[in-house]
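First comes the structure, then the notes that go with it.
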Amino acid sequence: MLDRLLRARIRPRAGRLSFVFANPAALTLFNPDDPVRARCVDEDMNRVWSPDMLESSQHSHELARARELLPVILTADRLLDLHSMLWPGDPLLLSGLSPAGRRMARRVRGVDICVADRGHRSGCRLIDHPRFTGDTAAACLLEAGQHWQQATVTRTMQAVLSVIGPCCGLPEGNEGPLPCHNMVVTNVVTARTGQFRFVRPFRGGKSCRWPEP
């Protein structure tokens, strides 16, 4: 999707538009026989964005790459972090609890669900960097659908164009649905063992009422 936009030589009417391939070194590891291996080189890049970690003496490929990208990140007024999913699931937008992030998420097209949460327990995501936790700069994370599906690419393009279309004069920015389900994460349950199993079929993005114990 980014390749298509770069080839189209899209330019903003004002300001700066940045298309970032966040972890290209991980992509070079792709092997169809072990596709999950290309997720990262050393660690999940979307868990390293806390200022304490970025300024620490810790070393990994992903930390080095995040430090390299940070000057660009700190200039962003709007940021859309693009992801796809290993397992099938309903596409969704994630925002932090900041008013700016939640407003931005409600205007991104292509998905039905918008989820506001307090971050990830195992590390700081890019959208949770202090740059985006106030009421000025805004960031959202798009989980566009399962890896390797054409619909995921189409949905991602709709979302991106809805963000950049107004500043680039692109009419395609009005295509695709807006989120109609706005959810807030109130409780987090973390699986602490690989033996965790759901007691009945459960699909991400669906709400359900569990029986009282």
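Residues 1173 to 1385, numbered by this note's numbering, are exactly what the sequence shown covers, in order.
Think of the CB as a built atom: it goes at the ideal place given N, C-alpha and C, for glycine as much as any other residue.
Excluding the 5 residues preceding and the 5 following residue i in the sequence, name in chain order all residues of the same chain whose CB lies nearer than 8 Å to its CB.
{"i": "R1176", "result": "M1329"}
{"i": "A1197", "result": "V1213, H1233 and R1237"}
Cutting at 6 Å between CB atoms, please list the residues of its own chain near residue i, excluding the five before and the five after it.
{"i": "S1267", "result": "G1273, R1274, A1277, A1288 and C1312"}
{"i": "L1235", "result": "V1220"}
If you follow the beta strand (DSSP E) that residue i is part of, which residue opens it and which one closes it?
{"i": "S1256", "result": "R1250 to M1257"}
{"i": "L1264", "result": "L1264 to S1267"}
{"i": "A1311", "result": "A1310 to Q1318"}
From which residue to which residue does the alpha helix (DSSP H) around residue i run?
{"i": "H1233", "result": "H1233 to I1245"}
{"i": "Q1330", "result": "Q1322 to C1340"}
{"i": "M1225", "result": "P1223 to L1226"}
Is residue i close to chain D, meaning its C-beta is less than 7 Å from at least one C-beta of that chain?
{"i": "H1319", "result": "This model lacks chain D altogether; it includes just one protein chain."}
Quick one: residues in its chain with C-beta nearer than 7 Å to the C-beta of residue i, no 5 flanking neighbours on either side, listed in chain order?
{"i": "L1174", "result": "F1191 and F1193"}
{"i": "G1341", "result": "R1185"}
{"i": "E1344", "result": "L1333 and G1337"}
Considering only the alpha carbon of each residue, which of the options lies closest to residue i?
{"i": "G1348", "options": "R1369, A1316, F1374 and R1364", "result": "A1316"}
{"i": "V1360", "options": "N1203, G1291 and I1336", "result": "G1291"}
{"i": "L1258", "options": "W1320, A1363, R1375 and C1352", "result": "W1320"}
{"i": "C1286", "options": "L1350, L1241, G1345 and D1216", "result": "L1350"}
{"i": "P1157", "options": "V1283, C1340 and G1187", "result": "Here the chain has residues from 1173 to 1385 only, and residue 1157 is not among them."}
{"i": "E1215", "options": "D1206, P1204 and S1232", "result": "S1232"}
{"i": "R1239", "options": "P1204, M1217 and T1362", "result": "M1217"}
Rounded C-beta distance between residue i and residue j? I'm assuming under 8 Å.
{"i": "S1256", "j": "T1324", "result": "5 Å"}
{"i": "L1178", "j": "L1254", "result": "That belief does not hold up - the Cβ atoms of L1178 and L1254 are roughly 14 Å apart, past 8 Å."}
{"i": "L1265", "j": "V1335", "result": "That pair is no contact at about 11 Å."}
{"i": "R1375", "j": "G1261", "result": "7 Å"}
Task: Contact the region 1301-1319 vs the region 1271-1279: 3+ CB pairs below 8 Å - done: Result yes; three or more Cβ-Cβ pairs closer than 8 Å.
Open item on the list: Would the region 1196-1215 count as touching the region 1244-1252 if we require 3 or more Cβ pairs under 8 Å?
Closed with: Contact between the region 1196-1215 and the region 1244-1252 is absent: fewer than 3 CB-CB pairs across the two stretches fall below 8 Å.
Task: the region 1213-1231 touching the region 1290-1309, judged by at least three CB pairs closer than 8 Å - done: Judged by Cβ distances under 8 Å, the region 1213-1231 makes contact with the region 1290-1309, as three or more pairs qualify.
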